[in-house]
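Q:
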Amino acid sequence: MVRKIKNKKNQKQIQKDLDQKMGLFDELPEECLTCEEPFDRQNREQVMSWNVVVHKEAAIVRLYCPECWSKAKEVVKDFQKRVQEREQPHD
Ligand SMILES: [Zn+2]
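Mapping of the sequence shown onto the working numbering: position 83 corresponds to residue 68, and the numbering continues sequentially without gaps.
If you want it as structure tokens, here you go:
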């Protein structure tokens, strides 16, 4: 009984989250944040391959084309590598 009620609540929460995400989908920028490559949200291929970073609290939606996204990932990877090297110095 209790479990049933809880599940119902979760379902509602999921729907709410989904609504919020769909709402933010409307806020999608029309171009890549970094290189300003135009983004066509009707283009399924672009929708699938581009990367969206949502900051829910600030209601900010950032959009990156695959090229810039992979560059950003490289930068993050490089940064993490440097941090790790600093934490575990090789003699
Ligand atoms: Zn780009």
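No residue lacks a Cβ here, since even glycine has one placed at the ideal position from N, Cα and C.
Shortest alpha-carbon distance to Leu18 belongs to which of Asp11, Gln27, Pro51?
A: For the purposes of this step, residue 18 is taken as the residue at position 33 of the sequence shown. The candidate whose alpha carbon is nearest that of Leu18 is Pro51.
Q: Whose CB is closer than 7 Å to a heavy atom of ligand 1? List the residues in chain order.
A: So the residues near ligand 1 by this Cβ test are Cys17, Thr19, Cys20, Glu22, Tyr49, Cys50, Glu52, Cys53.
Q: Select from Cys20, Lys(-3), Asp2, Asn(-5) the residue whose C-alpha is nearest the C-alpha of Lys41.
A: Reading the sequence shown from its first residue, position 56 is the one you call residue 41. Out of Cys20, Lys(-3), Asp2, Asn(-5), Asp2 has the C-alpha closest to the C-alpha of Lys41.
Q: Pull up the DSSP beta-bridge partners for Asn36, would you.
A: Residue mapping note: residue 36 aligns to position 51 of the sequence shown, counting from 1. BP columns for Asn36 point to Tyr49.
Q: Leaving out the 5 sequence neighbours to the left and right, which residues in its chain are closer than 7 Å to Pro23 when beta-carbon positions are compared?
A: Counted from its first residue, the sequence shown places residue 23 at position 38. Contacts found: Glu15, Glu16.
Q: Here's a check: name, in chain order, each residue in its chain whose Cβ is nearer than 6 Å to the Cβ of Val38, leaving out the five neighbours to either side.
A: Translated into positions along the sequence shown, residue 38 becomes position 53. Closer than 6 Å at the Cβ level, and outside the excluded window around Val38, lie Arg47.
Q: Check whether the Cβ atoms of Ala43 and Tyr49 sit closer than 9 Å, and answer yes or no.
A: Against the sequence shown, residue 43 aligns to sequence position 58. Against the sequence shown, residue 49 aligns to sequence position 64. Result no, Cβ atoms of Ala43 and Tyr49 do not sit closer than 9 Å.
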